[in-house]
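**Q** Under the numbering used here, read the sequence shown as residues 26 to 113, first letter to last.
Just so it is clear, CB atoms sit at the ideal spot from N, CA and C, and this is done for glycine as well.
Since this is a predicted model, take the numbers as computed values, not measurements.
Please read through the structure below; I'll follow up with questions.
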Amino acid sequence: MFGQRINQDEFDAMKERYQKNNPGKTQSVIFSRETFERLLKHNTEHIVVFFGETTDNVQTVMFAAVDKEKKVLYASTEDRGGPCPPYC
26 MFGQRINQDE
36 FDAMKERYQK
46 NNPGKTQSVI
56 FSRETFERLL
66 KHNTEHIVVF
76 FGETTDNVQT
86 VMFAAVDKEK
96 KVLYASTEDR
106 GGPCPPYC
């Protein structure tokens, strides 16, 4: 099964480790609730998170809804989140 809850201590440790090892890089990307609602309204079995980079070299994440065969449902791919910094 994909996706498991983690406790607050695990979350904090993983976040802090990444931030320590990646100074000056994107620390997070914020998305609206509507982003996830759009992803889930298709025949979505899973949501895949892809790492990417914008044309101005800013790290981002992109979401794609996939069906049971793990085929990307291109009608439901999302980006344009707000990178942190500055949106944090």
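Please go through the same chain and pick out, in chain order, the residues whose beta-carbon is closer than 6 Å to the beta-carbon of N68, but skip the five residues on each side of it.
**A** As a position in the sequence shown, residue 68 is number 43, starting the count at 1. Answer for N68: D92, listed in chain order.
**Q** By the DSSP assignment, the alpha helix (DSSP H) with E35 in it spans what residues?
**A** Position 10 of the sequence shown, counted from the first residue, corresponds to residue 35. First-last of the alpha helix (DSSP H) with E35: Q33 to N46.
**Q** Quick check on DSSP: helix, strand or coil for T79?
**A** Translated into positions along the sequence shown, residue 79 becomes position 54. T79: coil per DSSP, three-state reduction.
**Q** Relative to the alpha-carbon of V74, which residue among R63, D81 and A90 has its alpha-carbon at the smallest distance?
**A** As a position in the sequence shown, residue 74 is number 49, starting the count at 1. When only C-alpha atoms are compared, the closest one is A90.
**Q** Give me the residue from I55, N46, P48 and K45 with the minimum Cα distance to G107.
**A** Along the sequence shown, one-based indexing puts residue 107 at 82. Nearest option by C-alpha distance: I55.
**Q** With a cut-off of 8 Å, does the C-beta of N82 fall near any C-beta of chain D?
**A** In the displayed structure, chain D is absent; only one protein chain is listed.
**Q** May I ask you to report which of helix, strand or coil DSSP gives T60?
**A** On the sequence shown, residue 60 is found 35 positions in, with the first residue counted as 1. T60 falls in the helix class under three-state DSSP.
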